[in-house]
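Below is one structure, written out as structure tokens; comments come after it.
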Ligand code: SF4
Ligand code: SF4
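Protein chains in written order, with my numbering: chain A, 836 to 1283; chain B, 2 to 328.
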């Protein structure tokens, strides 16, 4: 067994994985599918269909426009109702989407051709191409285009590939279920990823609160050379890319714009490996994913969900609300986004839907900072959230920048621990936005 | 759908430990010392504590009402200031002294600076320093020999520290008496065991960082051992030094005050060591027999500097960020 290092800071959270025993079920075809052109980090895709077109599952509806981008595919067959602006839950503003009215047949596009069951017949370039054509992005939440991740710069050799099955956010069980049910597929996809970047060594990282997943993955990797298992002590936010690299390898990624490439590492989520495996074997692009629907719902579940399915449809499928809903979170309770409405669709990066009741919603007023240092002690990046936030609150963004506001990964641990309930992450986020705007303005002045 | 949803930025979870909960823990942790003071010095001790606490709470409420700020007495911080100030008084003081001292601590040292979180010295210690300056005789003379409930001898009795420093009027008490609290001293300075129970409770509950008390007491131990005996090294009576005076009370309950101690772990260790060094300096070579409260006050003043200079090595940095930040 690999020896791990301690995470800097972090917290032990009550994990509330109430849906961990629920096998993944197909959620069904919803009455409407909304596919945003922007579901990933990078440039939005460009719609290539128009209202009235008939589309089939797997057919491209939005084409990637640049290197850092990802195509979008119809997740089921039906008629394009409209190409229009819809409210985008992450961007929190209207954004272009292709809206499909499913015909309920789920017919697959004739362009989908089964691929290979043997990785040795594929070149690294083939694998990157498959990932790109499949519109694959990181399914752990960040939604970074996988093809880009699989193409590290030539001068940065990769010696380790980490497969992230930590799933450290409370409540979420989509990765854990996938590992239990599809361990072999995941390992197949992982081996393809390793081959694409030329990594001789692969490590599957799982937190110790998922014994079933550990067993399944252990079995699936046995006999596969170059792949080992690393069991982590459960601690938030260990599933963060930088944290995982620190804990498993003892390396630290240089500050932004530093990337894991810089220390010879690539990290991908288990869900991404699974979807890559499917794309390689069946030729099917990314049209669905596993989503945990949990919290204050009748029957917390793990669903295989067609991308573009409305959140409200999933909450109904999971037995509806129990009690009065207070918050509906897309993602986990630590880093997820609280939705103002539930007619928004599941995106490629949606890991879960967590419903909190009215009583669970914390509306305490922030008190003055007492400088207790709890936020400092718990920051996994060893930043000083107390000062970054204090300067940000006073509009002193340059000072906030000196305290490395831009390094913050918004994991939320500082705000979780603050006894004065200060909205630290929000303050830091504001500082980050202001600093980035300032930089952009400066760059424009220089170039113009 | 017509549900009304709350929209707020992440994280959507917060800990249950709020400021009042933490402060209540501190109040609880002070209870053994409060009980011990009453056991050794009788109801007079209780009267001092109650007077001090009421004065602190009332001053806070009145001041905040007067300047139309939100009244914050429910956060227990004024209660703590009141208890701590009382713990820093000799048991023989007249009751108007804790009343004035607490009012000063709350209004001048805390509220005038903007209230909890904005003060830069520990209010209770500021109150004590004020009383020391204004009525030095009451603060240094009104010692009582301890006894169980009212068996108190009204005659002045020298504290162990004064004895260590060569005062006449008493012999050193035995170690057991020092541990239990059967000796002369301020209300809360006597029973080491009672304070330790509270201190360990706070460390166990993760309310305070052990670096401060350990750094503080450890430094005093080492330095008094090395320099404690004039003319000879490594022969000082270190055990008596750490057990006497207000060291344990100060180290566990006053140097650890959040607002006036550094925010980083390294900074807090530095705070503890600094307090210890200054205490020994005052005790061995200064004009007062006791240096704990002045050392903490001095380190309170240095805390902003420590916070500027002691910056952790940020993740992924190899020291560049620190240079960028240097003064
Ligand atoms: S945790 Fe909150 S109260 Fe404590 S130092 Fe940080 S911001 Fe201030
Ligand atoms: S949100 Fe940012 S500042 Fe706060 S703990 Fe996480 S990384 Fe540190």
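Where is the CB? At the ideal position from N, CA and C, for every residue including glycine.
Handout entry: Rounded straight-line distance, which links the Cα of residue 1265 of chain A to that of residue 1235 of chain A
Key = Note on geometry: alpha-carbon atoms of residue 1235 of chain A and residue 1265 of chain A lie some 10 Å from one another.
Practice task
Measure how close the beta-carbons of residue 842 of chain A and residue 1070 of chain A come, nearest whole angstrom, since I'm counting them as under 8 Å.
Solution key: 6 Å between Cβ atoms; contact.
Problem - C-alpha distance - residue 1271 of chain A paired with residue 1226 of chain A, whole-angstrom precision - result: Rounded to the nearest angstrom, the two C-alpha atoms are 16 Å apart.
Handout entry: Interface partners of residue 1247 of chain A on chain B, CB under 7 Å
Key = The contacting residues are 11 and 12.
Practice task
Provide the residue(s) that pair with residue 139 of chain B in DSSP beta bridges, ordered along the chain.
Solution key: None, per the DSSP bridge assignment.
Exercise for the section: Check the Cβ-Cβ distances between residue 928 of chain A and every residue of chain B, and say whether any is below 8 Å. Expected result: For residue 928 of chain A, the answer is no, since every Cβ of chain B falls outside 8 Å of its Cβ.
Practice task
For residue 1203 of chain A, I'd like the list of residues in its chain whose CB is within less than 7 Å of its CB, leaving aside the five on either flank, ordered along the chain.
Solution key: Once the five neighbours on either side are set aside, the close Cβ partners of residue 1203 of chain A are 1255.
Handout entry: DSSP state of residue 918 of chain A mapped onto helix, strand, coil
Key = Strand.
Problem - Cβ pair residue 1038 of chain A, residue 997 of chain A closer than 8 Å - result: Yes, Cβ-Cβ distance for residue 1038 of chain A and residue 997 of chain A is below 8 Å.
Exercise for the section: Can you tell me the Cβ-Cβ gap for residue 951 of chain A and residue 1115 of chain A, rounded? I've got them flagged as a contact below 8 Å. Expected result: Going by Cβ atoms, the distance from residue 951 of chain A to residue 1115 of chain A rounds to 6 Å, so yes, they are a contact pair.
Practice task
Could you tell me if residue 1067 of chain A is buried or exposed, where buried requires 16 or more neighbouring beta carbons within 10 angstroms of its beta carbon?
Solution key: The residue in question, residue 1067 of chain A, is buried, as its Cβ has 16 or more Cβ neighbours within 10 Å.
Practice task
Can you grab the Cα-Cα spacing for the pair residue 894 of chain A / residue 882 of chain A, in whole Å?
Solution key: Each residue's alpha carbon lies about 12 Å from the other.
Handout entry: Limits of the unbroken alpha helix (DSSP H) element including residue 1124 of chain A
Key = No alpha helix (DSSP H) holds residue 1124 of chain A; the beta strand (DSSP E) holding it covers 1123–1130.
Practice task
Compare the C-beta of residue 862 of chain A with all C-beta atoms of chain B and state if any pair is closer than 8 Å.
Solution key: Residue 862 of chain A is outside the set of residues whose beta carbon lies under 8 Å from a beta carbon in chain B.
Handout entry: Delimiting residues of the alpha helix (DSSP H) encompassing residue 23 of chain B
Key = Residue 23 of chain B -> alpha helix (DSSP H) spans 20–42.
Problem - Cross-chain neighbours of residue 1217 of chain A in chain B, by beta carbon under 7 Å - result: Those within 7 Å of residue 1217 of chain A in chain B are 313, 314, 315 and 316.
Practice task
Spatial neighbours of residue 967 of chain A within its chain, please: CB distance less than 6 Å, with the 5 preceding and 5 following residues excluded, ordered by chain position.
Solution key: Cβ neighbours of residue 967 of chain A beyond the five flanking positions: 982.
Handout entry: Bounding residues of the alpha helix (DSSP H) (the contiguous stretch that carries residue 220 of chain B)
Key = Looking at the DSSP string, the run of the alpha helix (DSSP H) that includes residue 220 of chain B is 212–228.
Handout entry: N- and C-terminal bounds of the alpha helix (DSSP H) containing residue 296 of chain B
Key = Boundaries of the alpha helix (DSSP H) harbouring residue 296 of chain B: 293–310, taken from the DSSP string.
Practice task
Leaving aside the five residues before and after residue 251 of chain B along the sequence, list all residues of the same chain whose C-beta is less than 7 Å from its C-beta, in chain order.
Solution key: The residues are 293, 294 and 297.
Handout entry: Cβ of residue 867 of chain A within 8 Å of any chain B Cβ
Key = Residue 867 of chain A does not count as touching chain B.
Handout entry: Residues bridged to residue 1065 of chain A [DSSP beta-bridge criterion]
Key = In the DSSP assignment, the residues bridged to residue 1065 of chain A are A/1040.
Exercise for the section: Could you please tell me which residues of the segment 249–261 of chain B, in chain order, have their CB closer than 7 Å to any CB of chain A? Expected result: Of all residues in the segment 249–261 of chain B, only 259 and 260 place a beta-carbon less than 7 Å from a beta-carbon of chain A.
Exercise for the section: Please indicate yes or no: does the CB of residue 9 of chain B lie closer than 7 Å to some heavy atom of ligand 2? Expected result: No, Cβ of residue 9 of chain B sits at least 7 Å from all heavy atoms of ligand 2.
Practice task
Could you tell me whether any Cβ in chain B is nearer than 8 Å to the Cβ of residue 1271 of chain A?
Solution key: Answer no: the Cβ-Cβ gap between residue 1271 of chain A and chain B never drops below 8 Å.
Problem - Among A/1213, A/1112, A/1104 and A/1233, nearest to residue 1185 of chain A - alpha-carbon criterion - result: Checked all of A/1213, A/1112, A/1104 and A/1233; the closest Cα to residue 1185 of chain A is A/1104.
Problem - 6 Å Cβ shell around residue 1117 of chain A - same chain, five flanking residues per side excluded - result: By the criterion of a C-beta distance shorter than 6 Å, residue 1117 of chain A is surrounded in its chain by 949, once the five residues flanking it on both sides are discounted.
Handout entry: Paired residues, beta bridge with residue 870 of chain A - DSSP
Key = The bridge partners DSSP lists for residue 870 of chain A are A/933.
Exercise for the section: Kindly indicate if chain B contains any beta-carbon less than 8 Å away from that of residue 1205 of chain A. Expected result: With its beta carbon less than 8 Å from one in chain B, residue 1205 of chain A belongs to the interface.
Exercise for the section: Kindly say whether residue 30 of chain B, judged by its beta-carbon, lies nearer than 8 Å to any beta-carbon of chain A. Expected result: So no, residue 30 of chain B is outside the interface.
Problem - Test item, CB below 5 Å from any non-hydrogen atom of ligand 1 - result: Taken from the N-terminal end onward, the list reads A/1204, A/1205, A/1206, A/1207, A/1209, A/1210, A/1221, A/1253, A/1255 and A/1257.
Problem - Residues of its chain near residue 1217 of chain A, where Cβ-Cβ distance is below 6 Å and the 5 sequence neighbours each way are ignored - result: Cβ neighbours of residue 1217 of chain A beyond the five flanking positions: 843.
Handout entry: Beta-carbon separation (whole angstroms), residue 221 of chain B vs residue 281 of chain B, contact threshold 8 Å
Key = Correct: roughly 6 Å between the Cβ atoms.
Exercise for the section: Take residue 1090 of chain A as the anchor and find which of A/1082, A/995, A/1102 and A/1077 has the nearest alpha-carbon. Expected result: Nearest of A/1082, A/995, A/1102 and A/1077 to residue 1090 of chain A, Cα basis: A/1077.
Problem - Spatial neighbours of residue 302 of chain B in its chain, beta-carbon cut-off 8 Å, leaving aside the 5 residues before and after - result: The answer, listed in chain order, is 121 and 122.
Exercise for the section: Can you say whether residue 1041 of chain A is buried or exposed, counting buried as having 16 or more other CB atoms within 10 angstroms of its CB? Expected result: Burial check for residue 1041 of chain A: the Cβ neighbour count within 10 Å reaches 16 or more, so the residue is buried.
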